[in-house]
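Structure first, commentary second.
There are 2 protein chains.
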Amino acid sequence: MYIEKIQSPADLKAMDLNALRIVCDETRAAVLNRVSKHGGHVGPNLGFVEATVALHYVFNAPTDKLVFDVSHQCYPHKVLTGRANGFLGDVDDMNAISGYSSPAESPVYDNFEVGHTSTSISLATGLQKARDIKGTTENIIAIIGDGSLSGGEAFEGLDEASELGTGIIIVVNDNEMSIAENHGGIYKNLRALRESNGKCQHNWFKSWDFEYKYLEEGNDVEKLIELFRSVKDTCKPTVVHIHTEKGHGFQPAVNDKESWHWGAPFNPETGESLMKSSGEDYQTLFADWMLREMKNDPYLIAVTAGTPTAAGFTLPKRQEAGAQHIDMGIAEEQACAMASGMAKGGLRPVWTVYSTFIQRTYDQIAQDLCINSNPAVINVMWGGSGTMNDITHICLFDIPMLCSIPGLIYLAPTTCEEYFAMLKWAIRQDKMPVALRVPSNGVYHTAEAVDEQYAYEPVYKVVHKGSKVAVVAAGSFFQKGENVVKLLADKGIDATLINPRYLNAVDAKTLNALMADHQLVVTLEDGCKDGGFGERIASFYSTIDMKVLVGGIKKDLYDRFDQTQLFRDNRLLDEQIVEDVLQIIK
Amino acid sequence: MYIEKIQSPADLKAMDLNALRIVCDETRAAVLNRVSKHGGHVGPNLGFVEATVALHYVFNAPTDKLVFDVSHQCYPHKVLTGRANGFLGDVDDMNAISGYSSPAESPVYDNFEVGHTSTSISLATGLQKARDIKGTTENIIAIIGDGSLSGGEAFEGLDEASELGTGIIIVVNDNEMSIAENHGGIYKNLRALRESNGKCQHNWFKSWDFEYKYLEEGNDVEKLIELFRSVKDTCKPTVVHIHTEKGHGFQPAVNDKESWHWGAPFNPETGESLMKSSGEDYQTLFADWMLREMKNDPYLIAVTAGTPTAAGFTLPKRQEAGAQHIDMGIAEEQACAMASGMAKGGLRPVWTVYSTFIQRTYDQIAQDLCINSNPAVINVMWGGSGTMNDITHICLFDIPMLCSIPGLIYLAPTTCEEYFAMLKWAIRQDKMPVALRVPSNGVYHTAEAVDEQYAYEPVYKVVHKGSKVAVVAAGSFFQKGENVVKLLADKGIDATLINPRYLNAVDAKTLNALMADHQLVVTLEDGCKDGGFGERIASFYSTIDMKVLVGGIKKDLYDRFDQTQLFRDNRLLDEQIVEDVLQIIK
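Chains A and B are the protein sequences, given in the same order.
Going by our numbering, the first sequence runs without a break in its numbering and finishes at 586.
Going by our numbering, the second sequence runs without a break in its numbering and finishes at 586.
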């Protein structure tokens with residue numbers, strides 16, 4: 001086996017073409033081995049094996065700098081830069097290697113921590129400028145998938161790379177797919193370029209003054225080597241457009257490119273998933289609810305930005321929704337602004353986005369949406385500590401972010417029934433934008449009646465009226481609040497339990513009422529507490545004799561954390577909260 | 001005079017070409033009248049007079065929808081849609097009309113509140129989708145300047161407009177300028193299009209599959225009418241590229257387009273400014289300091305994104321800096337990511353940005369910069385209540401935003417000497433990104449020695465040690481803190497005064513030390529208090545017997561506020577703070 005012995009790309013240099021082809025096969029097998037046992041990004045990595053081998057054969061990393069976009073295609077690079085063990089070893093070996101480009105893991109070969117999309121060209125232009133100022137001559141190579149081209153930052157990066165005018169090589173890995181299918185006018189040009197072997201009349205990249213080369217056989221290592229050699233050491237902004245096959249070499253991934261973009265562990269022979277369905281999930285519930293509602297409401301529009309399955313809009317459901325679903329490509333700014341425009345035009349758009357990606361559109365939420373008071377709905381998925389945990393995908397910051405934007409209501413439902421009641425209200429009201437933090441701690445049901453109408457000013461719901469201690473437990477931490485109240489009852493304390501429902505502001509009336517017979521308010525939120533929900537309650541009481549225990553997660557850079565350990569470190573385990581309460585009110 | 005009688009664009013329809021030309025002249029004179037007395041955007045509005053008259057003559061607003069970008073070219077539209085009084089009347093009449101597109105002001109003719117750039121196409125695609133779903137046939141017209149094309153949201157909007165495939169008219173108002181000169185590869189294509197009368201080989205817009213028309217004479221109302229008639233009621237995505245002259249009809253603005261982009265009141269005969277220089281300003285101090293430092297440090301780079309004068313980098317200073325200044329066009333995402341890349345490559349970039357525009361790049365600060373711990377410096381200008389006050393340009397939100405991003409230090413200097421000491425430290429350290437909130441309450445000097453070294457963990461500075469009450473006064477509110485301490489002394493209270501210096505986290509040691517002999521901590525910050533600095537201190541003390549009075553501005557949608565009134569409403573006048581302190585500690 002070659003790849004076990006490859007410690008650095010230099011080991012490729014002496015190989016002949018046959019050996020390089022074997023390295024490709026072994027690298028592909030290693031990637032498949034990891035993703036089948038550990039899960040991860042399947043299709044984009046499989047399609048980029050030959051290009052990675054060719055890049056490392058032709059260029060001289062780490063002197064030459066490779067910058068990956070979104071990291072969906074960086075596994076072969078990891079295999080060839082001293083991290084093969086993360087693909088061939090046991091589960092611990094695999095866990096030691098992240099799924100993303102990471103200088104913390106490989107300071108020599110990985111230039112940036114990357115997990116959000118459309119960033120590679122912009123980051124690379126910084127290295128380019130540094131090279132030009134320092135007068136050195138290394139190659140700067142940005143790698144970007146066709147899907148990632150739809151994000152505004154990629155456009156800005158292309159614009160700057162052209163402006164700088166010095167050498168940079170932008171490898172456009174065109175596998176004709178985003179995470180799902182591509183959306184955006186640019187893809188018409190990519191298709192025309194593919195169909196004309198790079199020679200169509202109006203070339204988007206050439207219009208931008210890039211040198212441009214096209215290669216149809218993007219999974220042919222020999223042709224890739226020839227191509228990369230032809231642009232090596234260029235002193236001009238250069239786009240190398242290669243046509244690859246997403247999932248290349250693994251038939252299930254070739255046959256169903258969307259499902260195999262990312263996968264949980266699976267049987268590598270058959271492609272069958274090893275994960276059992278874990279019952280209800282909010283993605284599916286949301287999509288099915290929307291499809292039912294759409295039948296009676298032609299103005300209800302499901303909006304997604306490159307991740308339609310965040311909203312449960314699988315391909316058949318997208319087809320069922322027809323014009324009532326729209327996906328922007330990976331362009332959250334456009335999604336938010338267009339949702340505002342749709343609401344202004346009389347439609348009822350509901351834009352679904354993962355917590356970690358909503359930060360890609362702060363200004364559009366503030367400016368295009370909130371100062372315009374257009375009643376678009378934002379459906380925030382996976383906000384909290386129980387979802388994604390890579391440093392690039394932390395979902396703990398949506399509360400501080402959204403709650404610092406004026407003109408926005410941010411609701412935190414606690415059960416399935418409450419979620420859909422809030423969603424229905426948010427869609428039907430016509431005064432202002434409303435965001436919902438979809439619970440991320442599983443689907444809880446309630447038999448209690450839930451309110452159908454919601455006020456524009458916060459009204460907390462007192463679920464149980466006790467005394468001395470009040471627990472204000474928001475959204476995905478509501479069930480934790482229930483547990484804490486039960487444990488306090490065991491200690492003889494009949495604590496009040498409050499579902500605040502609103503994250504964006506405090507309910508002064510309810511909080512004032514607590515002052516009569518409470519000494520301590522405990523706030524619980526499943527997110528970063530710095531700048532979050534609980535601090536606002538602490539501030540509300542800060543000039544009077546009410547103690548507040550703010551429960552949330554300390555602002556920090558977290559990577560691949562364990563949720564229980566995170567809770568322990570932040571004193572968020574149920575029994576720790578009880579201990580702290582008893583300590584304060586003793 | 002025609003324009004005094006024009007109540008709506010319908011009044012234009014019966015006019016002949018001669019009358020329309022008079023309307024153009026009168027509109028231009030009205031715009032000049034307003035900006036000379038009131039200040040405002042001069043050049044872009046003057047250049048768009050004929051196009052606006054032609055648009056309103058050909059199309060039928062409000063049925064047809066006009067969406068303006070950044071609002072720098074919306075004054076002629078206001079003149080023709082019932083708001084001429086804001087251009088011809090007295091100062092009160094002028095104050096009643098905002099400088100930006102505003103449905104709050106004209107619900108019929110203005111579709112969106114707009115002040116940040118690059119949004120018009122994205123917003124218009126929402127109206128387009130609404131029209132298509134509802135089956136109506138109105139024209140949707142997005143207007144965008146060439147400068148605004150450099151922002152990522154504009155690209156995303158173009159991408160979607162092409163994808164939708166139905167009728168939309170995008171008017172590209174090409175005056176060969178951004179606020180300053182243009183930066184970005186796209187401008188090479190615009191130039192080639194101008195020089196070839198729209199016929200160059202690789203047309204950026206046609207590559208995107210837009211129908212495309214070019215008009216060289218963009219200030220000729222007759223030709224504009226002909227052009228707009230030719231695309232009216234199109235069912236295809238269409239770009240109308242018109243070449244206009246920034247400042248057209250007012251020679252000082254034509255001669256110096258950058259200085260006349262926006263102007264304070266001036267003599268309309270000579271162009272001479274009526275504003276007297278008000279002494280030192282941080283823009284000039286910063287630019288001069290950087291230029292001096294650059295001479296000894298070739299790796300020091302000044303970065304701007306479309307607003308070089310935010311950093312004091314006027315044209316002569318940009319020329320002096322040469323390759324050590326880089327402007328991205330209006331592309332803050334690119335500026336932030338590229339700064340991260342530059343820092344990674346060994347340069348020392350300092351990116352200067354206005355507070356209101358930093359929110360255009362939340363994700364790049366979090367992902368491209370902070371998780372990578374690259375030591376780029378962000379220089380935040382005009383954060384606070386004493387700078388811009390339009391609803392689109394509020395500068396109160398940078399503290400909540402930046403302080404919820406892990407891996408970032410946010411420093412708040414209080415004097416000129418402290419600012420440059422902090423800046424120097426931030427540039428020379430190599431561990432992590434540092435942002436500085438440049439004081440916005442004038443340039444104060446201190447004769448006291450300021451620290452040259454700063455720790456990575458917050459260390460507050462106790463300026464005066466008293467007892468009972470401690471005033472923690474941050475950045476631009478430090479002088480307010482000094483005043484409050486003086487007023488308290490008059491009441492017999494020897495209050496402690498603290499310059500916290502760090503906004504991003506609390507200094508537990510200093511705060512703990514206060515517990516011995518203080519009852520109340522007053523926090524003062526010149527920004528939104530919801531999610532801000534003071535709430536974190538309230539939270540720090542929330543389980544013990546220390547009262548905290550959080551002084552800051554309530555989160556809300558503010559528009560053209562008066563600073564003193566804002567202070568009064570938020571109990572931030574010096575004497576109000578003293579009253580509240582006495583009330584609490586009584």
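All C-beta atoms, glycine included, are put in the ideal place defined by N, C-alpha and C.
1) Does B:Glu457 have its Cβ less than 8 Å from a Cβ in chain A?
2) Is DSSP giving A:Gln319 helix, strand or coil here?
3) Could you tell me which residues DSSP puts in a beta bridge with A:Arg348?
4) Out of B:Gly147, B:Leu511 and B:Gly167, which has the shortest C-alpha to C-alpha gap to B:Thr307?
5) Report yes or no: is there a C-beta of chain A within less than 8 Å of the C-beta of B:Ile179?
6) Along the chain, where does the beta strand (DSSP E) containing A:Lys213 start, and where does it finish?
7) Below 8 Å, how does it come out for the region 173-182 of chain A and the region 316-334 of chain A: are there three or more Cβ pairs, yes or no?
8) Taking the C-alpha atoms as reference points, what is the distance between B:His77 and B:Val53?
9) With a 10 Å radius around its C-beta and 16 neighbouring C-beta atoms as the bar for buried, classify B:Ile544 as buried or exposed.
10) Does DSSP classify A:Asp526 as helix, strand or coil?
11) Would you say A:Ile186 lies against chain B (beta-carbon separation less than 8 Å)?
12) Buried or exposed: B:Thr392, going by 16 or more other Cβ atoms within 10 Å of its Cβ?
13) Between B:Gly442, B:Asn441 and B:Ala302, which has its C-alpha nearest B:Ile378's C-alpha?
14) Should B:Thr235 be labelled buried (16 or more other beta-carbon atoms within 10 Å of its own) or exposed?
15) Which stretch, first to last residue, makes up the alpha helix (DSSP H) that contains B:Pro627?
16) For chain A, check one thing: does any of its Cβ atoms lie closer than 8 Å to the Cβ of B:Ala96?
17) When the Cα atoms are used, what is the spatial distance from A:Asn33 to B:Glu525?
18) Just checking: is the beta-carbon of A:Asn483 within a distance shorter than 8 Å of some beta-carbon in chain B?
19) Thinking C-alpha only, which one of B:Thr244, B:Asp209 and B:His38 is nearest B:Gly218?
20) State whether the region 125-142 of chain A contacts the region 188-203 of chain A, with contact taken as three or more CB pairs (one from each stretch) at a distance under 8 Å.
21) On the DSSP bridge list, what partners appear for A:Ala84?
22) Under 9 Å Cβ-Cβ, which residues of chain B neighbour A:Trp204?
23) Is the Cβ of B:Asp110 closer than 8 Å to any Cβ of chain A?
24) Taking C-alpha atoms, which residue in A:Gly184, A:Ile170, A:Ala154 and A:Tyr354 lies nearest to B:Ala164?
25) Mind checking whether A:His587 and A:Val70 have CB atoms under 8 Å apart?
26) Compute the Euclidean distance between the alpha carbons of A:Asp494 and B:Ile371, then round it to the nearest angstrom.
27) Measuring alpha carbon to alpha carbon, tell me which of A:Val58, A:Ile399 and A:Ser539 ends up nearest A:Leu408.
28) For the region 336-346 of chain A and the region 206-220 of chain A, state whether three or more C-beta atom pairs, one from each stretch, are separated by less than 8 Å.
29) I need the DSSP call for B:Trp289, collapsed to helix, strand or coil.
30) Please classify B:Asp430: is it buried, with 16 or more other beta-carbons within 10 angstroms of its beta-carbon, or exposed?
31) Given a cut-off of 8 Å, decide if A:Phe313 and A:Ala339 are closer than it, judged by their beta-carbon atoms.
32) Could you name the residues of the same chain whose beta carbon sits closer than 6 Å to that of B:Gly152, not counting the 5 residues immediately before and after it, in chain order?
33) Which residue wins for smallest C-alpha separation from A:Val521, given the options A:Trp289, A:Lys554, A:Glu535 and A:Gln563?
34) Out of B:His464, B:Phe477, B:Val462 and B:Trp425, point me to the one whose CA is closest to B:Gln596's CA.
35) Return the first residue and the last residue of the alpha helix (DSSP H) that A:Thr510 is part of.
36) Rounding to the nearest angstrom, what Cα-Cα distance links B:Gly459 and A:Asp556 in this structure?
This is what the structure gives:
1) Under the Cβ criterion of 8 Å, B:Glu457 is not counted among the residues facing chain A.
2) helix
3) Answer by DSSP bridge pairing, in chain order: A:Leu300.
4) B:Gly147
5) no
6) Judged by DSSP secondary structure, A:Lys213 falls within the beta strand (DSSP E) whose first and last residues are Glu211 to Leu215.
7) yes
8) Taking the straight line from one Cα to the other gives about 8 Å.
9) exposed
10) strand
11) yes
12) buried
13) B:Ala302
14) For the record, residue 235 of chain B in the displayed sequence is Cys; it is not Thr. Classification of B:Cys235: exposed, given that the 10 Å Cβ count is below 16.
15) Nothing about residue 627 of chain B can be read from this structure; chain B reaches only from 1 to 586.
16) no
17) Each residue's Cα considered, the two are about 54 Å apart.
18) no
19) B:Thr244
20) Under the three-pair Cβ rule at 8 Å, the region 125-142 of chain A does not count as touching the region 188-203 of chain A.
21) Answer is none; A:Ala84 lacks a bridge partner.
22) Counting only Cβ-Cβ distances below 9 Å, A:Trp204 has contacts in chain B at His202, Trp204, Ser207 and Trp208, in chain order.
23) no
24) The sequence given here has Leu at residue 164 of chain B, not Ala. Ranking the options by Cα distance to B:Leu164, first place goes to A:Gly184.
25) This structure gives no information on residue 587 of chain A, because the portion of chain A shown stretches from 1 to 586.
26) 43 Å
27) A:Ile399
28) No, the region 336-346 of chain A is not in contact with the region 206-220 of chain A.
29) DSSP places B:Trp289 within a helical segment (H, G or I) once states are collapsed to three.
30) exposed
31) Result no, Cβ atoms of A:Ala339 and A:Phe313 do not sit closer than 8 Å.
32) Glu333
33) A:Glu535
34) A question about residue 596 of chain B goes unanswered here, because the residues of chain B that appear run from 1 up to 586.
35) Ala508 to Leu514
36) What sits at residue 459 of chain B in the sequence shown is Val, not Gly. About 18 Å.
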